[in-house]
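In this note's numbering, the protein residues as written are 42 to 353.
Backbone N, C-alpha and C fix where the C-beta goes; we use that ideal spot for every residue, glycine too.
Since the model is a prediction, treat every value here as computed from it, not as a measurement.
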């Protein structure tokens, strides 16, 4: 799934944890606030400890649209954005009455979620092995802001990072995470996936999907976790740049097919590029995300005879 605007507020919890004594030190207070937030979601079975470095800079509630990364590096304030549902917004989720089976009926603009014929994700099977041009990644260390938008953890980046696919250039807009992976390969589902969302000058979308199994930790993902905001709807501007190129696997072979966004409005005409080689995340990294979003993956959709190509 790919999500350009992920707009969900999860159902309110039945009860709030008892407040802890307020620490005198501001850094301890920030640690306590994040710990209190994570404690409202049960840890995954077999989960272990996790280590997140909490930034000492302040965060502010989202107040209005703003381009992430417009503040200079080292700014003491995050970008302020509005990414959550506003008054009258249609709520959607991953289970129950607002889950994937209901998306197409929640709002007329979401109709493709039910009626579309080229929907994503799919179970990738029987790809045609052809001599595809490699995807040209032009990723640089870049300023970034981390947002919890109510559906996932999303990373907004400043302009200047792109891919080239079949001679067409797409600019990276943002990336975000799903657990478990939305994509499957020959029926196999992975622990998590990461979607890098790109747009070209004509507004067409290309999404690069990275797959993750459990194993050694991933340093770039850890940098994202280290900059988690304390509240949903906030975008926290990181002080140090993120090495986007280090997100990618060494093996750049891929599958490609035409599909859709994997969240409402499920718009079609999206080119998907699914990297064939899975990477690894430590169990603690997976469990940390699971405590915020235990499941945020759309079920696989019918391939409906679509052509799937794979690079050699």
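Classification of residue i by the beta-carbon crowding that lies within 10 angstroms, buried from 16 upward
i: residue 171; result: exposed
i: residue 234; result: buried
i: residue 300; result: buried
i: residue 270; result: buried
i: residue 292; result: exposed
i: residue 274; result: buried
i: residue 223; result: buried
i: residue 415; result: This structure cannot settle anything about residue 415, because the visible part of the chain is limited to 42 through 353.
i: residue 215; result: buried
i: residue 137; result: exposed
i: residue 153; result: buried
i: residue 189; result: buried
i: residue 159; result: buried
i: residue 156; result: exposed
i: residue 229; result: exposed
i: residue 186; result: buried
Under the three-state DSSP convention, the category residue i falls into
i: residue 261; result: helix
i: residue 325; result: helix
i: residue 315; result: strand
i: residue 229; result: strand
i: residue 161; result: coil
i: residue 352; result: strand
i: residue 346; result: coil
i: residue 310; result: strand
i: residue 98; result: A caution first: residue 98 carries a pLDDT of 42, below 50, which makes its placement in the model unreliable, though a value can still be read off. In the structure shown, residue 98 sits in coil (DSSP, three-state: anything other than H, G, I, E or B).
i: residue 337; result: coil
Beta-carbon contacts of residue i that lie in its chain and below 8 Å, excluding the five residues immediately before and after
i: residue 294; result: 316, 317, 318, 351, 352, 353
i: residue 258; result: 321, 322, 323, 325, 326
Other residues of its chain near residue i: CB distance less than 7 Å, five sequence neighbours each side excluded
i: residue 313; result: 161, 248, 250, 297, 298, 300
i: residue 210; result: 203, 241
i: residue 213; result: 198, 202, 203, 237, 239
i: residue 343; result: none
i: residue 336; result: 135, 220
i: residue 168; result: 296, 349, 350, 351
Contacts around residue i, its chain only, beta-carbon distance under 6 Å, and the 5 residues preceding and following it disregarded
i: residue 151; result: 144, 145, 305, 306
i: residue 226; result: 165
i: residue 246; result: 240, 311
i: residue 288; result: 261
8 Å contact criterion, which residue i and residue j should meet: CB distance rounded
i: residue 231; j: residue 252; result: 4 Å
i: residue 347; j: residue 141; result: About 19 Å separates the two Cβ atoms, so there is no contact after all.
Exercise for the section: Scan the segment 164-222 and note each continuous alpha helix (DSSP H) run of 4 residues or more that stays entirely inside, going in chain order. Expected result: none
Problem - Runs of beta strand (DSSP E) wholly within the segment 233-306 (minimum 3 residues, chain order) - result: 233-240, 246-255, 276-278, 295-301
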